[in-house]
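First comes the structure, then the notes that go with it.
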């Protein structure tokens with residue numbers, strides 16, 4: 788049975804304050820937690836969580852399991868792409884002032900090696916590359932528990948400002 792009060796945003800929920808009152812960095816800092824119940828729905832589904840947040844940089848960690856297998860018996864590339872998309876988007880979010888949001892225009896990912904199920908915790912670090920008034924670009928890398936690069940990608944996001 789699901790909790791009807793859960794809006795799917797986990798710790799990112801802004802509660803009574805509303806997102807318009809908080810900067811993107813403040814919203815992201817609220818999301819740091821390994822507790823499954825405090826993760827947004829996508830983090831619960833794919834078993835990854837936010838561990839570090841600073842201006843222009845975020846880190847997610849995750850442990851892909853058998854629920855993320857593709858027909859070949861390795862972790863589906865969608866798990867990796869979602870981790871990179873999340874890290875790039877959340878790095879973008881840290882650059883936004885209160886009341887401003889963004890949308891992803893493009894994400895490109897390069898898979899470097901296959902991820903095996905239950906092989907440990909993977910780290911995905913996202914960093915801003917360029918911070919413009921309308922366009923923000925970022926990059927992310929997935930590093931395995933063995934210290935090797937498993938995937939890297941970039942994202943282009945458009946800043947959405949309220950109409951005045």
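Numbering (the numbering used here), first residue to last: 788 to 951.
Cβ coordinates follow ideal geometry from the N, Cα and C atoms, glycine included.
For clarity, every value in this text was computed on a predicted model and none was experimentally measured.
Helix, strand or coil for residue 845 per DSSP? strand
DSSP state of residue 938 mapped onto helix, strand, coil: Taken through DSSP and simplified to helix, strand or coil, residue 938 comes out as strand.
Inter-residue spacing [alpha-carbon to alpha-carbon] between residue 938 and residue 929: Straight-line spacing of the CA atoms in residue 938 and residue 929 works out to 5 Å.
Using a Cβ-Cβ cutoff of less than 8 Å, which residues in the same chain neighbour residue 844 once the five nearest sequence positions on both sides are dropped? 878, 881, 912, 913, 914 and 915
Spatial neighbours of residue 855 in its chain, beta-carbon cut-off 6 Å, leaving aside the 5 residues before and after: Residues 862, 863 and 866 of the same chain have their beta carbon placed closer than 6 Å to that of residue 855, with the five preceding and five following residues left out of the count.
Can you name, in chain order, every residue of its own chain whose Cβ lies under 6 Å from the Cβ of residue 944, other than the five neighbours on each side? 879, 889, 891 and 923
Please name the residue, chosen from 934, 903, 885 and 942, that lies closest to residue 851 on a Cα-to-Cα basis. 903
Excluding the 5 residues flanking residue 833 on each side, which residues of the same chain have their C-beta closer than 8 Å to its C-beta? 849, 851, 855, 866, 869 and 870
Could you check if residue 883 is buried or exposed, using at least 16 other CB atoms within 10 Å of its CB as the buried criterion? buried
Residues in the same chain with beta-carbon distance under 8 Å from residue 947, minus the five sequence neighbours each way, listed in chain order, please. 887, 888, 889 and 890
Between 874, 859, 809 and 905, which lies nearest to residue 830 when the distance is taken from Cα to Cα? 874
Chain D beta carbons: is any one of them nearer than 8 Å to that of residue 807? In the structure shown, chain D cannot be found, because there is only a single protein chain.
Residues near residue 900 by beta carbon distance below 6 Å, same chain, minus five either side: 937
Is residue 910 near residue 853, with beta carbons less than 8 Å apart? no
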